[in-house]
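For reference, the structure discussed in these notes is given below.
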Amino acid sequence: MGTPYLNPDKYRFIRALRPFSYSVALITCGLGVTLSFVHDLGDPLRGVLVILAGVLLQAASNLANDHADLALWKNRTGRMAVLAVKRIRFNFLVAGVLTFIASLMGIYLVIDVGWQLLVFGASGIIAGYFYTGGPIYYKSRGLGVPAVFLLTGVLMVSGSYYAVSAEWSNKVVLISLPVSLLASALLLANELRDYLDDKANKIGTLTVKIGFNNSKALYALCLLLTYPLSFYLFIIGAIQNPLLLLLSLVFVWQPLRLLMCEVGDVQLVSLPPLTGRYFIAFGVGYIFSVM
1129 MGTPYLNPDK
1139 YRFIRALRPF
1149 SYSVALITCG
1159 LGVTLSFVHD
1169 LGDPLRGVLV
1179 ILAGVLLQAA
1189 SNLANDHADL
1199 ALWKNRTGRM
1209 AVLAVKRIRF
1219 NFLVAGVLTF
1229 IASLMGIYLV
1239 IDVGWQLLVF
1249 GASGIIAGYF
1259 YTGGPIYYKS
1269 RGLGVPAVFL
1279 LTGVLMVSGS
1289 YYAVSAEWSN
1299 KVVLISLPVS
1309 LLASALLLAN
1319 ELRDYLDDKA
1329 NKIGTLTVKI
1339 GFNNSKALYA
1349 LCLLLTYPLS
1359 FYLFIIGAIQ
1369 NPLLLLLSLV
1379 FVWQPLRLLM
1389 CEVGDVQLVS
1399 LPPLTGRYFI
1409 AFGVGYIFSV
1419 M
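The sequence shown begins at 1129 in this note's numbering and counts up one residue at a time.
Structure (C-alpha cells):
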C-alpha cells in the first residue's frame, strides 16, 4: 500500500485546505479580539478584519505546506507525477492569492493602528512560508511544534489583540498559553498520523526525531496541561470562570483514547480532526471564561 507521498490525492484542493485546522485561527484570533473588547479597547471593523485575515493566512499556510513535496515528484514520470505537480503548484498559487488578500487587510490595519503592527503581520507571513520553505524548513528540522506554539499560538492571540486595541499587553501573552499548547497538539496529531511516511521520506519532524511514543506523551501533555494552567490563570485573575472549561472534557477523551494505537494504525487518521474538534470545544469555553 503506497504512502501519501506516492498518492496525488493528498494534494486535492479540499484536502490540502485541511478544514479541521481552522479551529486554530478562529480560536486564537477570536480570543485576542474578545480580550480587546473585555478591556474596553475593541473596534468592530478591526475585529472582523483580524479574524478574516487570520483564517485566510491559515488557509494559505495549509495550501503552501506541501510545496516542498515538489522535490519528491519532479524526478518521477507518469500520470500520477504530472497530476501531483499540477495540484501542488495550483495550491501554492491560491496560497499566494489568499496571502495577498490578507495582506491588503493587514495594510488597512497598519494604517489605522500604526506601523508597529507590521511586525506582527510580517512575522506571520514569513513564518507560514518557512514552515516548509527554505532555508529554515521548520518542519524538517523538528522545530514545527515550538514554532506553532509561539507563532500560531502566542503571536496570533497577542497580535490580534494589538491589531484591534492598538495596545500591547503582557497579560494577554499569559492568557494565550493554553490555546498555544493546543495549537502545538494539533500539529503533533498530524505528525503522529504521518509518522511512517515522514520517516520513510526522511522528513525530520519532531515526532520522527524524538520517536513515536515520546511524541504521544508530549501530545497528551499539551492537551492535559491546559486545565491546571487555566486554573492558575484564574487564581491570578487573568480569566474569570474556569468551570466553563469542564464542558470540553466531553471531547478530550476521544483523541486521548487513540494514543493507544500503535505505529501505522489506520485509526490515527482520525486524530487530527478529533484534536481540532476538542480545540474548538476548549477554545469556545476558554473565550467565554475571559469575558
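Even for Gly, the Cβ is constructed at its ideal location relative to N, Cα and C.
In the structure shown, Leu-1169 adopts coil according to DSSP, grouped into three states.
For Leu-1154 and Ile-1179, the gap between their C-alpha atoms comes out near 7 Å. With the rule of 3 Cβ pairs closer than 8 Å, the segment 1272-1282 does not count as touching the segment 1205-1220. Less than 8 Å separates the beta-carbon of Ser-1149 from that of Asn-1190. Each residue's CA atom was taken as its position, placing Ala-1328 and Arg-1140 some 22 Å apart. Following the DSSP letters along the chain, one finds Val-1397 in no alpha helix (DSSP H), marked with neither H nor E. Rounded to the nearest whole angstrom, the C-alpha separation of Phe-1359 and Ser-1304 is 14 Å. Counting the other CB atoms within 10 Å of its CB gives Gln-1186 a total of 16 or more, which places it among the buried residues. Residue state for Leu-1353 is assigned as coil, using DSSP reduced to three classes. Taking the C-beta atoms as reference points, Val-1292 is found nearer than 8 Å to Asp-1171.
For Val-1276, no alpha helix (DSSP H) segment is defined, and its DSSP state is neither H nor E. The C-beta distance from Ser-1297 to Asn-1369 rounds to 20 Å, too long to meet the 8 Å contact threshold. No Cβ-Cβ contact shorter than 8 Å links Phe-1407 with Leu-1309. Look at Ser-1251 here: in three-state DSSP terms it is helix.
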